[in-house]
Amino acid sequence: MSPGLILKSLADFPRRVKAAFLMCFDFVVLCFAMLLAFAVRFDPASLEQHFRTLSEGIWALIAVQMLALFISGLYRSVLRHAGSELLVLLLRSVLLGAGLFALMDLMLEEYRIPRSIIVMSAAFSFLGLLSTRLMIRWVVRLHMVEPQQREKFQRVVIYGAGSAGLQLYESLRQEGTYQLAAFVDDNPKLQGGRLREKSILSFSGLQTLHANNPLDWVLLALPGVKHEQRKNILQKIRLLKVGVRVLPTADQLMRGTADTSQLQEVDIADLLGRDEITPDEELLHQDIDGQTILVTGAGGSIGSELCREILRDSPKLLVLLELNEFSLYHAERTFRSLSSIPIVPCLGSVQDSELLKHLLHDHKVNTVYHAAAYKHVPLVEENPLQGLRNNALGTQSLIEKCIEAEVNSFVLISTDKAVRPTNVMGASKRIAEMIVQDTARRFPERRIGIVRFGNVLDSSGSVVPLFREQIKKRMPITVTHPEITRYFMSIGEAARLVIQAGAMSKNGEVFLLDMGSPVKIRDLALQMIELSGLIPEKDIPLQFTGLRPGEKLYEELLIDPAQSQPTRHPRIYSSEEPLPESEFLQKEIQLLSEAISKRDLNSALDSMKRLVPEYKPDNGK
């Protein structure tokens, strides 16, 4: 039988049995330690005589030492996982035994064991007990632990031979589940060198290494590089058909939301290849410093990120308005842990005029960010009256109360689906935009603005979390159409855009971000599969489900692109969108409100179509 099998059989014994074996072993060690102490202390010729004379004291000392080992908790520790605490525990146990015997010998004056024997036996016992345990642990690790670990090892390379790569290497060593094959770096000066006894390869060297002995993962340790460069590196790695994990970005590291030991899935922003837009710090502070802020929909994706950005500044008070109880509870707990700034959680709807009145007046709100809306296109298609009531009439109720309360700044968060909408959700948001625009026209002294952007990465209901879940479960990736295309931006970027646009707003302008090139959802899905170390169609197929009710193939950001104007921020643009006369608008809004109150769907939809004549419910065909 092999040593590994013998040890495994012993490891399967009950814990009490293993402790009993170890106690017997320790007894033998203590006896040898005592023998060695006598051999050092006395002349060999008289050694036997001293043993006979002091035999009672010898056995008493050994018994006390065994008792000390037991009561100190030495036999309760798991030997194979013991670390530096084992040294402290052994030392404490041996000293306790020696001290107890010395005290007993002093009080009884019976055994007359020389003090030097007590000291030397304690020292030899400590060394013997420590050595045997280290030997046992070494044998166990050699024949049991390491073979098991070798089976679990994942073969990896670290892409990046800088300080971040080195820190990652040290973290992997401690974790003990990765086997580092090499470092990879694009810097020719580093290629061919060695780091921590591992070769530094070029990308071609990585290709050769993977071809000869396949890797499990490529670990990207380049937190400081730009998104465009990361995108190019990821595109090259995709050719290897190997999974990728990345260190957090420099932005995440600076914000303290991650550290260099944490490996993450590939940030979708890296696949887009567009660097986040640098904010204008003055604009970020203008409407927040020393102000009372109200965020509606504070528990949602955009609303909660807005709150995080606000709390990084110095507001006087942050008021959270949220319809969903759990979302509000979670948001409040999260934000209170982030900041000492006073927070007021309020459970309610923007459709509750009386609640809004008291909320705005009681807290003397200065700035409002309106992020409360139903945004899921198919659900709003199934519930059009509720979508119109919340998105359009809720916005009207809120901005009317903001005017009454003399709120300084109001920002509506809108969507690209409001441009030539093909669904009720988009039309309801376009009506909300017109209500805000009309209010700005009638009250030019107030700063009122609209922010419109495309899809937000990792927001609730977006495709990215859905794709991640499907990949994790090895389910088919569901894409509505092979040609469906969307603009994307990060959730932090969206929140900062809202704040900056609010600071620049004057008279109901629509602000939008230069979002770069649109992305095919099919291509995004393929990249996510490949960078998870899987093969599209073989490991995970793509399943095209058809466009959902109200869904477009392509989204637009402007009704009339010719109307866009630059702002003080080089990547933010504004537009004065067409707006009907106030009389017509207010009349139709009243008709819409009455139809919704009566649950008259046909009349409500007729009003919606008159308000938004560009509405075409044809799925973009």
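Quick note: the sequence shown uses the numbering used here, first residue 10, plus one each step.
Think of the CB as a built atom: it goes at the ideal place given N, C-alpha and C, for glycine as much as any other residue.
| Asked | Found |
| --- | --- |
| Buried or exposed by the 16-neighbour rule on C-beta atoms within 10 Å, applied to Asn400 | buried |
| Contact with chain B by Phe452, beta-carbon distance below 8 Å | No chain B appears in the structure shown, which is made up of a single protein chain. |
| Reduced DSSP secondary structure (H/G/I, E/B, other) of Ser346 | helix |
| For Ile598, the residue or residues it bridges with in DSSP | Answer by DSSP bridge pairing: none, since Ile598 is not bridged. |
| Cβ-Cβ separation, Met524 to Phe462 (assumed contact under 8 Å), whole Å | 7 Å |
| For Arg557 and Pro626, the rounded distance between their alpha carbons | 12 Å |
| Sub-8 Å separation of Phe110 and Ile127 beta-carbons | yes |
| Inter-stretch contact at 8 Å, needing at least 3 Cβ pairs: the region 286 to 303 / the region 320 to 340 | yes |
| Residue nearest to Pro351 in terms of C-alpha spacing, selected from Glu391, Arg124 and Leu329 | Leu329 |
| Chain-order list of residues whose beta-carbon lies under 7 Å from that of Ala534 (same chain, five-residue window excluded) | Phe476, Ile486, Val488 and Leu551 |
| Whole-Å CB distance - Trp226 paired with Gln295, under 8 Å assumed | Between Gln295 and Trp226 the Cβ distance is about 45 Å, and since that is not below 8 Å, they are no contact. |
| Pick from Phe212, His578, Leu215 and Pro430 that is closest to Leu620, judged by C-alpha positions | Pro430 |
| Beta carbon of Asp447 nearer than 8 Å to that of Leu229 | no |
| Residues that Glu331 bridges to, as DSSP identifies them | Leu356 |
| Exposed unless 16 or more other CB atoms sit within 10 angstroms - verdict on Val97 | exposed |
| Helix, strand or coil at Ala307 according to DSSP, with G and I counted as helix | coil |
| Cβ neighbour criterion (16 or more within 10 Å) applied to Tyr383 | buried |
| The region 370 to 384 / the region 399 to 417 touching (three or more Cβ pairs under 8 Å) | yes |
| Neighbour-count burial assignment, Phe520, 16 or more Cβ in a 10 Å radius | buried |
| CA-to-CA distance, Val433 to Ile605, given in whole angstroms | 14 Å |
| Alpha-carbon spacing of Arg264 relative to Gly308, whole angstroms | Confidence at Arg264 is low in this model, with a pLDDT of 46, below 50, so the placement of that residue should be treated as unreliable; the coordinate-derived value is given next. So the two alpha carbons sit approximately 21 Å from each other. |
| Backbone CA spacing between Gln158 and Gln188 [nearest angstrom] | Interpretation of Gln158 is limited by its pLDDT of 48, a score under 50 that renders its predicted location unreliable; no figure is taken from the coordinates. |
| Rounded distance between the beta-carbons of Val374 and Ala414, thought under 8 Å | 7 Å |
| The beta strand (DSSP E) enclosing Ala414, as first and last residue numbers | Element bounds for Ala414: n/a, residue is neither H nor E. |
| Collapsed DSSP secondary structure at Phe51 in the structure displayed | coil |
| Residue span of the beta strand (DSSP E) that contains Lys207, given as start and end | Lys207 to Leu210 |
| Rounded distance between the beta-carbons of Leu365 and Lys438, thought under 8 Å | With 8 Å as the limit, Lys438 and Leu365 do not qualify as a contact, their Cβ atoms being about 19 Å apart. |
| Which listed residue (Tyr582, Ser541 and Ile80) has its alpha carbon closest to that of Arg483 | Ser541 |
| Three-way DSSP call (helix, strand, coil) for Met484 in this model | coil |
| Residue burial classification, Ser140 (beta-carbon count within 10 angstroms, cutoff 16) | exposed |
| Beta-bridge partners of Asn464, as assigned by DSSP | Phe497 |
| Counted within 10 angstroms of its Cβ, other Cβ atoms place Lys607 as buried (16 or more) or exposed | exposed |
| Spatial neighbours of Ile423 in its chain, beta-carbon cut-off 6 Å, leaving aside the 5 residues before and after | Inspection of the sequence shows that residue 423 is occupied by Ser rather than by Ile. Lys438, Glu442, Ile459 and Arg461. |
| Residue span of the alpha helix (DSSP H) that contains Ala449, given as start and end | Val433 to Arg451 |
| Gln176 in three-state terms, based on DSSP | helix |
| Proximal residues to Leu337 (C-beta, below 6 Å), its chain only, five neighbours per side dropped | Gly308, Glu331, Pro354 and Leu356 |
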